[in-house]
Ligand SMILES: C[S@@+](CC[C@H](N)C(=O)[O-])C[C@H]1O[C@@H](n2cnc3c(N)ncnc32)[C@H](O)[C@@H]1O
């Protein structure tokens, strides 16, 4: 693994990253992009198989469109409206997607880091980021390797993202690393259902959903959050509207221990 590019862009300048649509974003000068692409060179550049090309095309071009459309529904909007405003001070949102949470952050936020590995989704998020009344820095990186200093954020926020992260244990450790002691991790995530029959179907469908939607629906989020060293301070677990195998939710807050 090696870093192929680390650069800071002021979106208002002409040095805008290649994935940001040229729509005049950055007019307020509050939006910054940091492109931190990590590639396994041999893997990325030597693979010539059509099958892999097709998967790459699906993942890079089709999936971001499906994610953007799929995440725009009323039930989700209601939950965004109750969870996002809890975030304050310096906030890291992991898996920013197309930025649908951005309008829900309040004036309690001083700065938002929006971390998202999909360049297509970051391009969409840039439009909403530019309208935010606080500085936003978009980080093109995965949660397994967060390009921020230890203890540098007050809040980590995540909505419907943990299911998509391939190495979730590594990512949760990274989230803890960047969250200051006493800082809050606020989450709304779907995951493993308590009913054996539903969980069995979640296990069966996981490989298919992984490919089609980039999502593993069978992760037991509460256990994983605790294993990563967070102290859970609030947790609601229940089915929301929708098919049972994807609608069991873990909604809550956890704290990074003080010592
Ligand atoms: C279902 S979408 C949710 C997007 C957004 N959080 C929302 O609420 O609309 C899952 C997001 O996780 C992102 N993702 C996938 N792998 C990731 C990783 N390793 N680290 C961080 N985010 C990741 C996807 O690109 C996608 O934007």
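Numbering (the numbering used here), first residue to last: 11 to 269. C-beta: ideal position from N, C-alpha, C; glycine also. These numbers come from a predicted model, not from an experiment.
Residue 245 sits in a strand when the DSSP states are folded into three classes. Of the residues 161, 186, 210, the one whose Cα lies closest to the Cα of residue 234 is 186. Under the DSSP assignment, residue 190 falls in the beta strand (DSSP E) whose first and last residues are 189-200. Residue environment for residue 251: exposed (fewer than 16 other C-beta atoms within 10 angstroms of its C-beta). The Cβ atoms of residue 41 and residue 140 sit closer than 8 Å to each other. By DSSP's assignment, residue 156 forms no beta bridge with any residue. Taken through DSSP and simplified to helix, strand or coil, residue 167 comes out as strand. Separation of residue 84 and residue 90 (C-alpha to C-alpha, rounded to the nearest whole angstrom) is 10 Å. Taking C-alpha positions only, residue 236 is separated from residue 258 by approximately 18 Å. Taking a C-beta distance under 8 Å as the contact criterion, residue 125 and residue 156 qualify as a contact pair. Only residues of its own chain outside the window of five on either side were considered, and among them 232, 260, 262 have a CB closer than 7 Å to the CB of residue 245, listed in chain order. Contact between residue 162 and residue 188 is confirmed by a C-beta separation of about 6 Å, below the 8 Å threshold. Here residue 209 has 202, 203 as same chain residues with Cβ atoms under 6 Å from its own Cβ, once five neighbours each way along the sequence are excluded. Secondary structure in the region 62-143: the alpha helix (DSSP H) runs of 4 residues or longer, each lying completely within the stretch, are 73-80, 84-93, 129-140 in chain order. The closest CA to that of residue 67, considering only 105, 253, 129, 196, is found on 129. If you look at residue 209, you'll find it in the alpha helix (DSSP H) that goes 206-223. Residue 205 and residue 225 have their C-alpha atoms spaced approximately 20 Å apart.
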